[in-house]
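Everything in the sequence shown is counted per my numbering, starting at 43 for the first residue and increasing by one. We put the beta carbon where it would ideally sit given N, CA and C, even for glycine. Below is one structure, written out as structure tokens; comments come after it.
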Amino acid sequence: MGKPKNRKGEKGPRVVYIRKMRYEDAYRLLDAEVQEAFLKGETLVEVVHGIGEGILKRMTEEFINSRDYLKVLQDGGLNIGNPGSTLVEILGPTKDDLKKYLK
Numbered sequence: 043m044g045k046p047k048n049r050k051g052e053k054g055p056r057v058v059y060i061r062k063m064r065y066e067d068a069y070r071l072l073d074a075e076v077q078e079a080f081l082k083g084e085t086l087v088e089v090v091h092g093i094g095e096g097i098l099k100r101m102t103e104e105f106i107n108s109r110d111y112l113k114v115l116q117d118g119g120l121n122i123g124n125p126g127s128t129l130v131e132i133l134g135p136t137k138d139d140l141k142k143y144l145k
């Protein structure tokens, strides 16, 4: 079995590019993309937030921590992966989760 396909049909995680965006715009895009991935049954999302002052990275971490169906797989620290991105796993929804999000 190969890697999951992203939104463009290529193999790999869905990529959400929020680098150089305003906080509010980045939050809305991240929320919409993660919800779409969740409802389509995708399991991986890579959030490209850049390095900069760390504002978008902190927003991404807070977003992930506020949702029980998301888990950080790789935070792009200095020794692992890209320091300007965070790899997120979307956990399989329970029936209660689906009812909650499909209202």
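Checklist entry - Is the CB-CB distance between residue 102 and residue 72 below 8 Å? => result Remark: C-beta atoms of residue 102 and residue 72 approach each other more closely than 8 Å.
Item to check | Closest by C-alpha distance to residue 134, when choosing among 94, 63, 84 | outcome: 84
Item to check | Cβ shell of residue 80 (< 8 Å), same chain only, five flanking positions each side left out | outcome: 111, 132, 135, 143
Next on the checklist: So for residue 59, helix, strand or coil by DSSP?
Outcome noted: strand
Next on the checklist: Is residue 59 a contact residue of the ligand SAH, with contact defined as CB to any heavy atom under 7 Å?
Outcome noted: Among the ligands in the structure shown, none appear at all, so the ligand SAH cannot be discussed.
Checklist entry - Per DSSP, residue 87 forms a beta bridge with which residues? => result 56, 130
Next on the checklist: Using only the alpha-carbon positions, how far apart do residue 82 and residue 54 sit?
Outcome noted: 15 Å
Next on the checklist: Alpha carbons only, please: which of 63, 89, 59 is nearest the one belonging to residue 128?
Outcome noted: Distances from the alpha-carbon of residue 128 to those of 63, 89, 59 put 89 closest.
Checklist entry - If you follow the alpha helix (DSSP H) that residue 124 is part of, which residue opens it and which one closes it? => result Run containing residue 124: none; DSSP gives neither H nor E here.
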